[in-house]
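Numbering (my numbering), first residue to last: 114 to 153.
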């Protein structure tokens, strides 16, 4: 599960190495799962 303030390793070629989850979008509540949209 991913929640606010969680640090994530980036697995693409954007150049970023780590990001931090700022907000979980949608009505799923506090936690995001694989495939959900977050603001980083």
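Glycine included, C-beta positions come from ideal geometry on N, C-alpha and C.
Distance CB(residue i)-CB(residue j) smaller than 8 Å
i: residue 136; j: residue 152; result: yes
i: residue 131; j: residue 138; result: no
Counted within 10 angstroms of its Cβ, other Cβ atoms place residue i as buried (16 or more) or exposed
i: residue 145; result: buried
When the options are compared against residue i, the one with the closest alpha-carbon
i: residue 116; options: 143, 125, 126; result: 143
i: residue 119; options: 126, 134, 129, 128; result: 134
Delimiting residues of the beta strand (DSSP E) encompassing residue i
i: residue 121; result: 120-122
i: residue 132; result: 131-133
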